[in-house]
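Colleague: In our numbering, the protein residues as written are -2 to 262. In this text, a Cβ means the ideal position worked out from N, Cα and C, and glycines have one as well.
Structure representation (C-alpha cells):
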C-alpha cells in the first residue's frame, strides 16, 4: 500500500479576498445530545444546531468538516460552562477570532399536580446560544418558551358568570453575565410564577378544581404577564439583558394578544 495522496487545501488558500465574513459554518444540524438539568443530572434530547466562525479576508474558506468533527467528539451534558468550552475550542480549531454555537431542542420539566401529587412531564421549547469573540469575550443566552394559563381581569370584572381564559406562550430570552450560569428550569419557573396558573401534564379532578380556582383568583392581562416577569429578571444580578414576550391565544377572538419588553442594564 502506497503513501497517502497529498491533497490541496483549497479552503486554506491565503490571498486578499476583499471581505471579512461575519459568520460561516454549518446550519440546521440535528444531533442527539445531553443537556444538564437543575438537579445535577442530564436529559437526553435531539438538538438542531447552527455552528459558525468568522473568516478573515485573507482566507478563502473555512473547513466545514471540523465543525462536525468537534460535535461528534463532544462528551458529557451541555450547560452554560460546557458550551463556553465547546465554543472556545471551536474557535481555536478553526483559527477564528469569533465563534458562535446555537442549539434548539425540546426540554421536559418534571411537574407535581397540586392536590393529588400526580407526577408528569411538561415539554417546553428551549435554546442556548454561546458566542465568543476575541475582543469582547463570552456571551451566553438562554431561551425558553413555556405554556401557561392566563385569565382576563376585564372579563372577570364585567361578567356575572365566570371569566374567559386562554393558554399563553411565554418566551424568555436571557443574556447572562460573563461568569454566571442559570438552569432552564429556573426560567420556566419565572414564567409560571407570573401567570394566572401554571400547566401540568397530568391532572386529577381535585387538581382541575385547584387550577381553575387558582386562575380565577389570579387574573392577568398579557401586559401584566410581561411586566411581572421583567421585574423578576431585573432583580436577578446574573441577568445582563432580556427579552420577554407573551402571546395569549384568545378563546373569544380569532386573534392573539401579544406583549414584549426588551431590557439591558
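#1: Quick one: what's got a C-beta closer than 7 Å to residue 109's C-beta in the same chain, skipping five residues either side?
#2: Just to confirm, are residue 187 and residue 139 a CB contact at a threshold of 8 Å?
#3: Is the CB-CB distance between residue 39 and residue 33 below 8 Å?
#4: On the three-pair Cβ rule with 8 Å, is the region 70 to 78 touching the region 168 to 185?
#5: Report the rounded CA-to-CA distance for residue 229 versus residue 60, giving the unit in angstroms.
#6: Near residue 95, which residues of its chain fall below 6 Å by C-beta distance, leaving aside the five closest residues on each side in sequence?
#7: Can you tell me which of the three DSSP states residue 128 falls into?
#8: Helix, strand or coil for residue 17? Go by DSSP, reduced to three states.
#9: Just tell me which of 20, 111, 161 and 12 has its CA closest to the CA of residue 198.
#10: Can you give the Cα-Cα distance for residue 153 and residue 211, rounded to whole angstroms?
#11: Comparing C-alpha positions only, which one of 57, 53, 58 and 126 sits nearest to residue 44?
#12: What are the boundary residues of the beta strand (DSSP E) that includes residue 36?
#13: Does the Cβ of residue 168 have 16 or more other Cβ atoms within 10 Å, making it buried, or fewer, making it exposed?
#14: Where do the ends of the beta strand (DSSP E) carrying residue 94 lie?
#15: Please check the pair residue 219 and residue 255, which I expect to be a contact at CB under 8 Å, by giving their CB distance rounded to whole angstroms.
#16: Please specify which runs of the alpha helix (DSSP H), each continuous and at least 4 residues long, are wholly inside the region 60 to 90, giving them in chain order.
Modeller: Checking against the coordinates, here is how it stands:
#1: As a position in the chain shown, residue 109 is number 112, starting the count at 1. Closer than 7 Å at Cβ, skipping near neighbours: 116.
#2: Numbered from its first residue, the chain shown carries residue 187 at position 190. Numbered from its first residue, the chain shown carries residue 139 at position 142. For residue 187 and residue 139, no; Cβs fall outside 8 Å.
#3: Taking the first residue of the chain shown as position 1, residue 39 is located at position 42. Taking the first residue of the chain shown as position 1, residue 33 is located at position 36. Closer than 8 Å, so yes.
#4: Counting C-beta pairs with one atom in each stretch, the region 70 to 78 and the region 168 to 185 have three or more that are closer than 8 Å, which means they touch.
#5: On the chain shown, position 232 is the one that residue 229 refers to. On the chain shown, position 63 is the one that residue 60 refers to. Their backbone Cα atoms lie some 43 Å apart in a straight line.
#6: Against the chain shown, residue 95 aligns to sequence position 98. Around residue 95: 51 and 130.
#7: On the chain shown, position 131 is the one that residue 128 refers to. The answer is strand: DSSP assigns residue 128 an E or B state.
#8: Within the chain shown, residue 17 is the residue found at index 20, counting from 1. In the three-state scheme derived from DSSP, where H, G and I count as helix and E and B as strand, residue 17 is classed as coil.
#9: As a first step, residue 198 is located in the chain shown; it is residue number 201 there, counting from the start. Residue nearest to residue 198 within the set 20, 111, 161 and 12 is 111 (criterion: CA-CA distance).
#10: To locate residue 153, count along the chain shown from 1; it is residue 156. To locate residue 211, count along the chain shown from 1; it is residue 214. Rounded to the nearest whole angstrom, the C-alpha separation of residue 153 and residue 211 is 13 Å.
#11: Reading the chain shown from its first residue, position 47 is the one you call residue 44. If we check each option's Cα against that of residue 44, 126 comes out closest.
#12: Taking the chain shown and counting its residues from 1, one reaches residue 36 at position 39. From DSSP, residue 36 is part of no beta strand (DSSP E); its letter is neither H nor E.
#13: On the chain shown, position 171 is the one that residue 168 refers to. Buried is the call here.
#14: Here residue 94 refers to the residue found at position 97 when the chain shown is read from its first residue. That residue, residue 94, is in no beta strand (DSSP E); it is neither H nor E in DSSP.
#15: Locating residue 219 in the chain shown gives position 222, counting from the first residue. Locating residue 255 in the chain shown gives position 258, counting from the first residue. Sure, about 7 Å apart at Cβ, within 8 Å.
#16: As far as the region 60 to 90 is concerned, its whole alpha helix (DSSP H) runs of at least 4 residues are 61 to 70 and 77 to 90.
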